[in-house]
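Yeah, the sequence shown ends on 162 if you go by the working numbering, and it's all consecutive. Ideal placement from N, C-alpha and C gives every residue a C-beta, glycine not left out.
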Amino acid sequence: MPVKITVDELLDELEEKLDKATRLPLSRGRAILDEEDVREIIDEIRQNLPQESRQARAIVADRNQIINDARREAEIIIRVAEEKSRAMVNQNEIVKQAQQKANDLMNQTQQKCREMRKASNEYIDDLMKRTDDYLAGQLSELRKTRQEIKSSQRSGIK
5 MPVKITVDEL
15 LDELEEKLDK
25 ATRLPLSRGR
35 AILDEEDVRE
45 IIDEIRQNLP
55 QESRQARAIV
65 ADRNQIINDA
75 RREAEIIIRV
85 AEEKSRAMVN
95 QNEIVKQAQQ
105 KANDLMNQTQ
115 QKCREMRKAS
125 NEYIDDLMKR
135 TDDYLAGQLS
145 ELRKTRQEIK
155 SSQRSGIK
């Protein structure tokens, strides 16, 4: 199985042949090269270019796919984080509203309790006053009746 040479290695080989080539005197950089060697290297470059080009395109496509996947994943993570943040804010707002409602209910309950206690005390005071008045009236009646009995006994004994 022949060893596969890369395009870079082939270009290096071509450059080396140019460096080692015999220079023509007074020709401003012209050199004598073995045409067959140069053509072989060029043919090998042509054979390797499509494969390396495909590999490069595949690498770029993979890179683009990885970047696109990462972007989508980042967007999902951001969206989820935003939703969680909104939910937490909403939940925090619900908790605040519930606490305010609980405080309002507690205040209302305490106010009603004070009003009921006052009304109960007033009712009991009124009931006790009427009972006191009734008992005072009955006691007065009892004393009067007792006095009458004593008076009638004195008048009947005499």
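Here isoleucine 49 is buried: its Cβ has 16 or more other Cβ atoms, across all protein chains shown, within 10 Å.
Collapsing the DSSP output to three states places arginine 27 in a strand. For alanine 65 and lysine 21, the gap between their C-alpha atoms comes out near 36 Å. Nearest C-alpha to lysine 24 among Leu14, Ser31, Ala35: Ala35. A buried status is given to leucine 14, since no fewer than 16 other beta-carbon atoms sit within 10 Å of its beta-carbon. Under DSSP, the beta-bridge partners assigned to isoleucine 36 are Thr26. Non-local beta-carbon contacts of arginine 90 in its own chain, meaning distances under 8 Å to residues more than five positions away in sequence, are absent.
Counting only runs of 4 or more residues that sit fully inside the stretch 51-76, no alpha helix (DSSP H) segment turns up. At least 8 Å separates the beta-carbon of leucine 37 from that of valine 11. The criterion of a C-beta distance shorter than 8 Å is satisfied by glutamate 17 and isoleucine 45. CA-to-CA, the gap between arginine 83 and alanine 102 works out to about 28 Å. One alpha carbon belongs to leucine 131, the other to threonine 113, and they sit about 26 Å apart. Assignment of isoleucine 9 by DSSP, reduced to helix, strand and coil, places it in the coil class.
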